[in-house]
Amino acid sequence: VDCSTLLYSPGQLNMFFSKRTFVQCLIVSTYTSLVLFLIPWAAMQDSVRGDGKDVADYQSFAMLTQTSLMVVVSAQMFLDTHYWTAINQFFLLGSIAAYLAITFTFYSNGLFFMFTSSFPFIGSARNSLNQPNVWLTMFLTCLLCILPTVAYRFLHMLLHPTITDKVRHKAREEGQPAPAPYRPPPRRVSTRRSSYAFSHSQGYGDLVTSRKFLRLKRRPSLLLLILSNLNWCSGNFILKVATALLKGSLGKSSC
Amino acid sequence: MVKEEQEESPNRPDNTAFTQQRLPAWQPILSASIVIPMFVLIGAAFIGVGVALFIASRDIQLQELDYTGDDSAHPCYKCRSSTEKCTCSMTFSIPNLFKGPVFFYYGLTNYFQNQRKYGASKDDNQLYGDLDYFKDPSSSCDPYTRDSRNIPIVPCGALANSMFNDTFSLSHVVNGTQKIVPLNGKGIAWWTDYNVKFRNPSVTPLINAFNGTKKPTNWPKPIYELDTTDVYNNGFINQDFLVWMRRAALPDFRKLYRRITHDDYVNGLPAGNYTLTIEYNYPVYSFNGRKKVVLSNVSWMGGKNDFLGIAYIVVGSMCVVMSIVMLIVYAKFKFAEDD
Chain A
2 VDCSTLLYSP GQLNMFFSKR TFVQCLIVST YTSLVLFLIP WAAMQDSVRG DGKDVADYQS
62 FAMLTQTSLM VVVSAQMFLD THYWTAINQF FLLGSIAAYL AITFTFYSNG LFFMFTSSFP
122 FIGSARNSLN QPNVWLTMFL TCLLCILPTV AYRFLHMLLH PTITDKVRHK AREEGQPAPA
182 PYRPPPRRVS TRRSSYAFSH SQGYGDLVTS RKFLRLKRRP SLLLLILSNL NWCSGNFILK
242 VATALLKGSL GKSSC
Chain B
72 MVKEEQEESP NRPDNTAFTQ QRLPAWQPIL SASIVIPMFV LIGAAFIGVG VALFIASRDI
132 QLQELDYTGD DSAHPCYKCR SSTEKCTCSM TFSIPNLFKG PVFFYYGLTN YFQNQRKYGA
192 SKDDNQLYGD LDYFKDPSSS CDPYTRDSRN IPIVPCGALA NSMFNDTFSL SHVVNGTQKI
252 VPLNGKGIAW WTDYNVKFRN PSVTPLINAF NGTKKPTNWP KPIYELDTTD VYNNGFINQD
312 FLVWMRRAAL PDFRKLYRRI THDDYVNGLP AGNYTLTIEY NYPVYSFNGR KKVVLSNVSW
372 MGGKNDFLGI AYIVVGSMCV VMSIVMLIVY AKFKFAEDD
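So the protein lines, in turn, are chains A and B. First residue of the first sequence? That's 2 in our numbering, and the numbers climb one at a time after it. First residue of the second sequence? That's 72 in our numbering, and the numbers climb one at a time after it.
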């Protein structure tokens, strides 16, 4: 890819880890924190359950805020992960599932009976999560935290795409490169040393150029075979063949 | 000479998909064909839900009666700083039929039940009926654990000690006579509180379990006399006590006192004049708090709260506006690129 070397430029310009980015992150975090508290606060003012009982109590409010926080953080992680593989999806979705499992366990009757003073939140989840206004508040909070980030990223990518955005987009269009096929490591032939020996002695240059080894009448095909295969990928094998042939030719003709 | 060369260096990572980061992956990219329709859909859905919420909240009827009595013209002014029993009554009128079932709440303002030390000042084991904690309450209740003679207090702690103890009665003026509106005190606390979290000690009669303990300092009656007429409403499982112990999250809160479900008023409170009689016991003057009575009916979204409906409508319209902006930017940018 032509612009692959340009991928170094964001690092050189300190684009992704600078004071400016830190201040941006701080602003987003402050906004998220304010939304995560103020929306439930305003929604729970003087509100009650559908059957008239309490929903604006301390434990339900805490549960509402902490669940919204969990969802917002998970959504941010989903947005920031650029390649969704099975492993990171397992952990991301697993975190949400684990949070729900732990919450319902902590608020269950069983743990309350065992450790009464440690689990006073019993019943909070059951009594507040069946209220539509709790779910609607949670939904509003989460979307209000996530949608600005999505909109900002989309517009930024349209108006000022960074080099990484361009490369990523291009790579996506071209498709992922096929994974390199698994090739067993090439077996090293033990005659590797022969080229070493070759390169440090006078070699067979004179012999080759004198055309003495050529058995033009008897075996022309072998020469053609050797000459046509003179590529260094299979150089060792060729050298072995050449050595054997030359030895043979030396035996046959006088040097 | 055969030189044995190491085939692979020991630190070389394996050539597997996991170690070489070649796992099959999906790349989510924020493309215009996904983001813009998503915003439009979310905006439309939010506006719809917002309208439904707003209409539901607007149809809820609410009547608030402040009876703190800090104004000298108020009927309860005389009770404001009196220490002995004081009763006052207020009249109010309901213009239209107040649709039932009607819920009767008491409200307090500037009352921080969510303060940490105050709210944690209770002993859950005691409230679960564990007699060992009757003799030896946990230290989280300090300084309301034992009285001056070192006798343990049951129920201990500041949260229980400050229980609301005003009582109300409502009467309807019909043909010049005062007709009492019956108030129903059953089922006002959470089912889990009543059946699981709070239990009376399994001693009959109940009063025997409290031998050697004292009532909280500010209570007029001990816990086993909260409702002597109904054994299922006495002791720790008293509904008013349970409602109070479920501490509020915000400093201005309402707690359910009674429900109006009697046959005569099953359709609601008819229009007319009403009298509220208050036994004014609870002092709020010292911390600038206010007390009020709230009559309200409920809907599927709970009590009257316009915020959620308005917020949904606002966020929905902002989403739609944002999607139009993004569409304009995308169209301009795309055509600029094509040129």
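Cβ coordinates follow ideal geometry from the N, Cα and C atoms, glycine included.
Query: Local conformation of R83/B per DSSP, three classes; Result: coil
Query: Span of the alpha helix (DSSP H), counted from its first residue to its last, around I40/A; Result: 20 to 45
Query: Top-ranked residue by Cα proximity to F79/A, from Q67/A, L93/A, M71/A; Result: L93/A
Query: Beta carbon proximity, N82/B to chain A, threshold 7 angstroms; Result: no
Query: Where the alpha helix (DSSP H) through S96/A begins and ends; Result: 87 to 107
Query: Interface partners of L48/A on chain B, CB under 7 angstroms; Result: Sequence inspection shows Ser at residue 48/A; the Leu mentioned does not correspond to that position. Ordered by position in chain B, the residues that pass the 7 angstroms Cβ test against S48/A are G373, G374, N376.
Query: Beta-carbon proximity of F175/B to R329/B, cut-off 7 angstroms; Result: yes
Query: Interface residues of chain A facing Q401/B [CB-CB closer than 7 angstroms]; Result: The amino acid occupying residue 401/B in the given sequence is Tyr; Gln does not appear at that position. Those within 7 angstroms of Y401/B in chain A are L159.
Query: Contact set for L379/B: own chain, Cβ-Cβ below 6 angstroms, skip 5 residues either direction; Result: L124
Query: Contact residues within the region 182 to 204 of chain B, judged by C-beta distance below 8 angstroms to chain A; Result: Q184, N185, G190, D194, D195, N196, Y199, D201
Query: Interface flag, Q134/B vs chain A, CB-CB below 7 angstroms; Result: no
Query: CB contact flag (S295/B, L277/B, <7 angstroms); Result: It should be pointed out that residue 295/B corresponds to Tyr in this sequence rather than to Ser. Yes, the Cβ-Cβ distance between Y295/B and L277/B is below 7 angstroms.
Query: Chain B contact for I147/A (CB, 7 angstroms cutoff); Result: no
Query: Residue burial classification, K54/A (beta-carbon count within 10 angstroms, cutoff 16); Result: buried
Query: CB contact below 7 angstroms: I118/B versus chain A; Result: no
Query: Opposing strand residues paired with F239/B [DSSP bridges]; Result: I349/B
Query: DSSP bridge partner residues for M161/B (one or two, in chain order); Result: L347/B
Query: N- and C-terminal bounds of the alpha helix (DSSP H) containing Q13/A; Result: 10 to 13
Query: Residues of the region 314 to 334 of chain B whose Cβ lies closer than 8 angstroms to any Cβ of chain A, in chain order; Result: V314, R317, R318, A319, A320, L321, D323, F324, R325, K326, L327, R330
Query: Interface partners of T263/B on chain A, CB under 7 angstroms; Result: I123, G124, R127, N128
Query: Simplified DSSP state of I331/B, which is helix, strand or coil; Result: strand
Query: Chain-order list of residues whose beta-carbon lies under 7 angstroms from that of R21/A (same chain, five-residue window excluded); Result: none
Query: Simplified DSSP assignment, three categories, for S235/A; Result: In this predicted model, S235/A has a pLDDT of only 47, less than 50, meaning its place in the structure is not dependable enough to derive any value.
Query: Where T90/B sits in the DSSP three-state scheme; Result: coil
Query: Runs of alpha helix (DSSP H) lying entirely within the region 103 to 158 of chain B, each at least 4 residues, in chain order; Result: 103 to 129
Query: Where W85/A meets chain B, residues with beta-carbon distance less than 9 angstroms; Result: A96, W97, Q98, P99
Query: Neighbour flag for V106/B against chain A, beta carbons, 7 angstroms; Result: yes
Query: P287/B versus E350/B - alpha carbon distance; Result: 20 angstroms
Query: Candidates F140/A, H157/A, G206/A, of which the one nearest V120/B by Cα; Result: F140/A
Query: Residue from L130/A, T31/A, Y108/A with nearest C-alpha to I123/A; Result: Y108/A
Query: Buried/exposed call for K268/B, threshold 16 Cβ in 10 Å; Result: buried
Query: P223/B, DSSP secondary structure in three states; Result: strand
Query: Paired residues, beta bridge with D298/B - DSSP; Result: None; D298/B has no bridge partner.
Query: Minimum Cβ-Cβ distance from L58/B to chain A less than 7 angstroms; Result: There is no way to answer for residue 58/B, as the model of chain B reaches only from 72 to 410.
Query: F235/B: contacting residues in chain A (beta-carbon distance under 9 angstroms); Result: The premise fails here: F235/B is roughly 14 angstroms from chain A at the closest Cβ pair, so nothing lies under 9 angstroms.
Query: Min CB distance K268/B to chain A below 7 angstroms; Result: yes
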